[in-house]
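Undergrad: Below is the structure I would like to discuss, written out as structure tokens.
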């Protein structure tokens, strides 16, 4: 049956309590104290999809509280670097942040599940798992160990595999490949001989141009186009199997979160749900045009060969088995996601996938 | 660039205006008058996904306004029958409703675009079109002629093709087939010899059992299971090409909507966006289990044969061309959706579809 806890759920369950036939003005004032918080984003303003989701969140929170609860948003680097948002929220340098939790896989690989498991759930499945499948509760059970509360607040949808200077025709082509790749998936690719590189956004282009690295992945057509990779590495691979439905969270210092009036918590949950569907829709809206421009500018689209996908999948499975043995947080989240994935694709392949297949064939025939 | 109007948009654009450094209590009271409205749903309470989306909407509106703006929800038939929600809202019998606009295709076939165009956009693409592709504005330009304002507030995701007493092996099997099918798509199927039947939910099962009809479609595994069709018609076809991403709207009497304080309009937009992502996630969550139970109970899954899909697609195209000639509302919305569909599948087939394909193959291999 319907889960009516957490996230969207707690809100509905508690609604009746908030409904009185007449609420005098002083009660409203009490439940709506003036609060000013700061939010540190992991993203620059130029990413109007990712950063835009946090911007919409903060504006909505202010608007729905008649300006009483204001969260001022800061781009990556303005208060703390993009990769230190969790730490800043954990120690209350800022009360809240917008970040993909997988940036912190170095602290604990279980951080990956808040954002994306390589070969995990697609974007819609992530929402099903978060809102109704216990994912939100499991992720927050883990985040609480870092004194943080998180709410899903967007999705990039399935990402691209990145820009390669040379074609990848077999798993041999991965050996020694210097690849700028985000976070946790580097540990999978290492097993196939890739040399993963952690490079901040602004430094990727020159590294790729000079040949210091052989390949780089970022997000998808719309965001990648801005960074100009197509000018120096023309093979554009897909799919980004390490990020099938990546979700940035808004995160809150747990003590500060617990101090919020219930009304403001509800506003945050609802505003985050709006940012979630808004961002998914925006990526779907802007990616087709960007893809066409990239191809017109010379980008060569290439699917990863089947043997590469299979080798990566097997390497991922091995890594997950090892981590599950040594890390109970990882095991709990992994078991939940993998079981959920099996159920989801069982259904997905029927109506949804068959319809998309038919429409894609029609398109390419026409 | 980002659309910051309408729907989610207007909200963000107007946020700055609502932000004052100190808002005295009387101002809040003024902007939050006590309002009691009624909402008529087209759905029964037993559909905890569809009806549940409206329920969450009403509870959220009350909660976020501290109980000042309360909308009481009524199931289909409690105030007006499910198919008369638009009329009831238009003439202010109730201030608002929850309904799929395509129920009213008899008034004007352009009503179909608010919910689903056969062979149109999938669920995620619907959101991209609504939120960022001008769909919300175009649908409301049309709805305004009926004195109604609508906001997308959910999605069933791609539906199933329905329950058939006999297998459909060729287009000849459609001739004379008495098929209970929702709304507008009957006009397409008629061209192939189907005899479409309009039958209310509760009457479908006995009609199918007695053989008064040969087939019936409803929604998908979770909702269909409740109606028990698998006991009397074992062939369960897919995909429901006439409903690839159907969106129920919350609709408001336009005069009443215009009287709402801006804060309450913003609350409605944000709450509807939450219901949207909540319902999509809920259908994805509950359908896999229902599908397994149905198959265990004897349901035989069947894809529509390629020639049937092609004949239906061609019949749809013919109908759309005819309607576009005679109906400028239909033409404007149709041109927008069809152009958008071409762009969307161009991108969808790359990362998203390739990833899903790989994961589905893995699943069936394992």
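Residue numbers (our numbering), protein chains in the order written: chain A, 415 to 780; chain B, 415 to 780. The beta-carbon is built from N, C-alpha and C at its ideal position, and this holds for glycine as well.
Please check the pair residue 457/A and residue 465/A, which I expect to be a contact at CB under 8 angstroms, by giving their CB distance rounded to whole angstroms.
TA: Along the first chain, read from residue 1 onward, the residue named residue 457/A stands at position 43. Along the first chain, read from residue 1 onward, the residue named residue 465/A stands at position 51. Residue 457/A to residue 465/A, Cβ: 4 angstroms. Contact.
Undergrad: Counting only C-beta atoms, is residue 559/B closer than 7 angstroms to chain A at any point?
TA: For the purposes of this step, residue 559/B is taken as residue 145 along the second chain, with counting starting at 1. So no, residue 559/B is outside the interface.
Undergrad: Does the separation of the CB atoms of residue 499/A and residue 513/A fall below 7 angstroms?
TA: Within the first chain, the letter at position 85 stands for residue 499/A. Within the first chain, the letter at position 99 stands for residue 513/A. Yes, the pair counts as a contact, with Cβ atoms nearer than the cut-off.
Undergrad: Mind listing the chain B neighbours of residue 645/A? Cutoff is C-beta to C-beta under 9 angstroms, in chain order.
TA: Taking the first chain and counting its residues from 1, one reaches residue 645/A at position 231. Residues of chain B passing the Cβ test: none, with the nearest at roughly 20 angstroms.
Undergrad: Measure from the C-beta of residue 434/A to each C-beta in chain B and report whether the shortest distance is under 7 angstroms.
TA: Position 20 of the first chain, counted from the first residue, corresponds to residue 434/A. Caution is warranted here: a pLDDT of 36 is assigned to residue 434/A, below 50, making its placement in the model unreliable, and the coordinate value is therefore given only provisionally. Closer than 7 angstroms: yes.
Undergrad: Counting only beta-carbon atoms, is residue 693/A nearer than 7 angstroms to chain B?
TA: Indexing the first chain from 1 puts residue 693/A at position 279. Chain B contact via Cβ: absent.
Undergrad: Hey, is residue 364/B's beta-carbon within less than 7 angstroms of any beta-carbon in chain A?
TA: Any property of residue 364/B remains undetermined from this structure, which presents chain B solely from 415 to 780.
Undergrad: Just to make sure I have the definition right: I need the residues of chain A whose C-beta is within less than 8 angstroms of the C-beta of residue 774/B. Which are they?
TA: Counting from 1 along the second chain, the entry for residue 774/B is found at position 360. Near residue 774/B (Cβ distances below 8 angstroms), the residues of chain A are 759, 762, 763, 767.
Undergrad: Check for me: the alpha helix (DSSP H) holding residue 601/B runs from which residue to which?
TA: Taking the first residue of the second chain as position 1, residue 601/B is located at position 187. Its alpha helix (DSSP H) spans residues 599-603.
Undergrad: In chain B, which residues lie less than 7 angstroms from residue 770/A when you measure between Cβ atoms?
TA: Your numbering for residue 770/A matches position 356 in the first chain. Within chain B, the residues near residue 770/A are 536, 762, 767.
Undergrad: Could you compute how far the alpha carbon of residue 728/A sits from the alpha carbon of residue 654/A?
TA: For the purposes of this step, residue 728/A is identified with residue 314 of the first chain, where counting begins at 1. For the purposes of this step, residue 654/A is identified with residue 240 of the first chain, where counting begins at 1. Answer to the nearest angstrom: the Cα atoms are 16 angstroms apart.
Undergrad: Since residue 666/A contacts residue 563/A with CB under 8 angstroms, what's their CB separation in whole angstroms?
TA: As a position in the first chain, residue 666/A is number 252, starting the count at 1. As a position in the first chain, residue 563/A is number 149, starting the count at 1. Contact holds; Cβ gap of about 5 angstroms.
Undergrad: Please identify, using Cβ separations under 9 angstroms, the residues of the stretch 696-718 of chain B that lie next to chain A, in order along the chain.
TA: Here the close residues are 696, 697, 698, 699, 700, 701, 702, 703, 704, 705, 706, 715, 717, 718.
Undergrad: Tell me the rounded alpha-carbon separation between residue 599/B and residue 717/A.
TA: Mapped onto the second chain, residue 599/B falls at position 185. Mapped onto the first chain, residue 717/A falls at position 303. Approximately 36 angstroms between the Cα atoms of the pair.
Undergrad: Below 7 angstroms CB to CB, which residues in the same chain sit around residue 437/B once its five sequence neighbours on both sides are set aside?
TA: Stepping through the second chain from its first residue, residue 437/B is reached at position 23. At residue 437/B the pLDDT is 41, less than 50, meaning the model places this residue with poor confidence; the figure from the coordinates comes in the next sentence. Correct list: empty, nothing qualifies.
Undergrad: If we cut at 7 angstroms on Cβ distances, does residue 426/B have a partner in chain A?
TA: Along the second chain, one-based indexing puts residue 426/B at 12. Here the model assigns residue 426/B a pLDDT of 39, short of 50, so the residue's position is not dependable, and the following value carries that caveat. Answer yes: the Cβ-Cβ gap between residue 426/B and chain A drops below 7 angstroms somewhere.
Undergrad: Would residue 386/B and residue 592/B qualify as a contact pair, given that the criterion is a beta-carbon distance under 7 angstroms?
TA: Nothing in the structure corresponds to residue 386/B, since chain B is present only between 415 and 780.
Undergrad: Quick one: is residue 599/A near chain B, going by C-beta distance under 7 angstroms?
TA: In the first chain, the residue the question calls residue 599/A occupies position 185. So no, residue 599/A is outside the interface.
Undergrad: Evaluate residue 658/A with the Cβ neighbour count: other Cβ atoms within 10 Å of its Cβ, from every protein chain shown; 16 or more gives buried, anything less gives exposed.
TA: One-based indexing of the first chain puts residue 658/A at position 244. Classification for residue 658/A: buried.
Undergrad: Would you call the CB atoms of residue 714/B and residue 648/B closer than 7 angstroms?
TA: Residue numbering aside, residue 714/B sits at position 300 when the second chain is read from its first letter. Residue numbering aside, residue 648/B sits at position 234 when the second chain is read from its first letter. Yes.
Undergrad: Could you tell me whether the Cβ of residue 545/B comes closer than 7 angstroms to any Cβ of chain A?
TA: Taking the first residue of the second chain as 1, we reach residue 545/B at position 131. With 7 angstroms as the cut-off, residue 545/B counts as an interface residue toward chain A.
Undergrad: When Cβ atoms are compared, which residues of the stretch 563-588 of chain A fall closer than 7 angstroms to chain B?
TA: Listed by position along the chain: 571, 572, 573, 574.
Undergrad: Indicate whether at least one CB of chain A lies closer than 7 angstroms to the CB of residue 738/B.
TA: Position 324 of the second chain, counted from the start, is the residue given in the question as residue 738/B. It does not; no Cβ of chain A falls within 7 angstroms.
Undergrad: Nearest CA to the CA of residue 463/B: which residue from 483/B, 690/B, 731/B, 741/B?
TA: Within the second chain, numbered from 1, the residue matching residue 463/B stands at position 49. Nearest option by C-alpha distance: 690/B.
Undergrad: Tell me, which residues are paired with residue 667/B by DSSP?
TA: Stepping through the second chain from its first residue, residue 667/B is reached at position 253. Paired residue(s): 562/B.
Undergrad: Is it the case that the Cβ atoms of residue 704/B and residue 635/B are separated by a distance below 7 angstroms?
TA: Reading the second chain from its first residue, position 290 is the one you call residue 704/B. Reading the second chain from its first residue, position 221 is the one you call residue 635/B. Yes, the pair counts as a contact, with Cβ atoms nearer than the cut-off.
Undergrad: Which term fits residue 571/A, buried or exposed, when burial requires 16 or more other beta carbons within 10 angstroms of its beta carbon?
TA: Against the first chain, residue 571/A aligns to sequence position 157. Result: buried.
Undergrad: Taking 7 angstroms as the CB-CB limit, is residue 437/B close to chain A?
TA: Position 23 of the second chain, counting from 1, holds the residue named residue 437/B. The predicted model places residue 437/B with a pLDDT of 41, which falls under 50 and marks its position as unreliable; any figure quoted below should be read in that light. It does: the Cβ of residue 437/B has a partner Cβ on chain A nearer than 7 angstroms.
Undergrad: Taking a Cβ distance cut-off of 8 angstroms, strictly less, list which residues of the stretch 651-665 of chain A are near chain B, in chain order.
TA: Against chain B - using a Cβ distance shorter than 8 angstroms - the residues of the stretch 651-665 of chain A are 652, 653, 654, 655, 658.
Undergrad: Are residue 530/A and residue 744/A close, meaning C-beta to C-beta below 7 angstroms?
TA: Residue 530/A sits at position 116 when you count from the first residue of the first chain. Residue 744/A sits at position 330 when you count from the first residue of the first chain. Their beta carbons are not under 7 angstroms apart, which means residue 530/A does not touch residue 744/A by this criterion.
Undergrad: Given residue 686/B, which residues of its chain have a CB within under 7 angstroms of its CB, disregarding the five upstream and five downstream residues?
TA: As a position in the second chain, residue 686/B is number 272, starting the count at 1. Cβ within range, chain order: 471, 565, 566, 567, 664.
Undergrad: Does any CB atom of chain B fall closer than 7 angstroms to the CB of residue 522/A?
TA: Within the first chain, the letter at position 108 stands for residue 522/A. So no, residue 522/A is outside the interface.
Undergrad: Rounded to the nearest angstrom, how far is the Cβ of residue 582/A from that of residue 764/A, given a contact under 8 angstroms?
TA: Your numbering for residue 582/A matches position 168 in the first chain. Your numbering for residue 764/A matches position 350 in the first chain. Their Cβ separation, rounded to whole angstroms, is 32 angstroms, which puts residue 582/A and residue 764/A out of contact at 8 angstroms.
Undergrad: Strictly below 7 angstroms CB to CB, what residues from chain A border residue 527/B?
TA: The sequence position of residue 527/B within the second chain is 113, counting from 1. By Cβ distance, chain A contributes nothing, its closest Cβ being about 17 angstroms from residue 527/B, past 7 angstroms.
Undergrad: Taking DSSP as the reference, what is the three-state secondary structure of residue 510/B?
TA: Against the second chain, residue 510/B aligns to sequence position 96. Looking at residue 510/B - three-state DSSP - the assignment turns out to be strand.
Undergrad: Hey, does residue 478/B have any beta-carbon neighbour from chain A nearer than 7 angstroms?
TA: On the second chain, residue 478/B is found 64 positions in, with the first residue counted as 1. Yes, residue 478/B lies at the interface with chain A (some Cβ there is under 7 angstroms from its Cβ).
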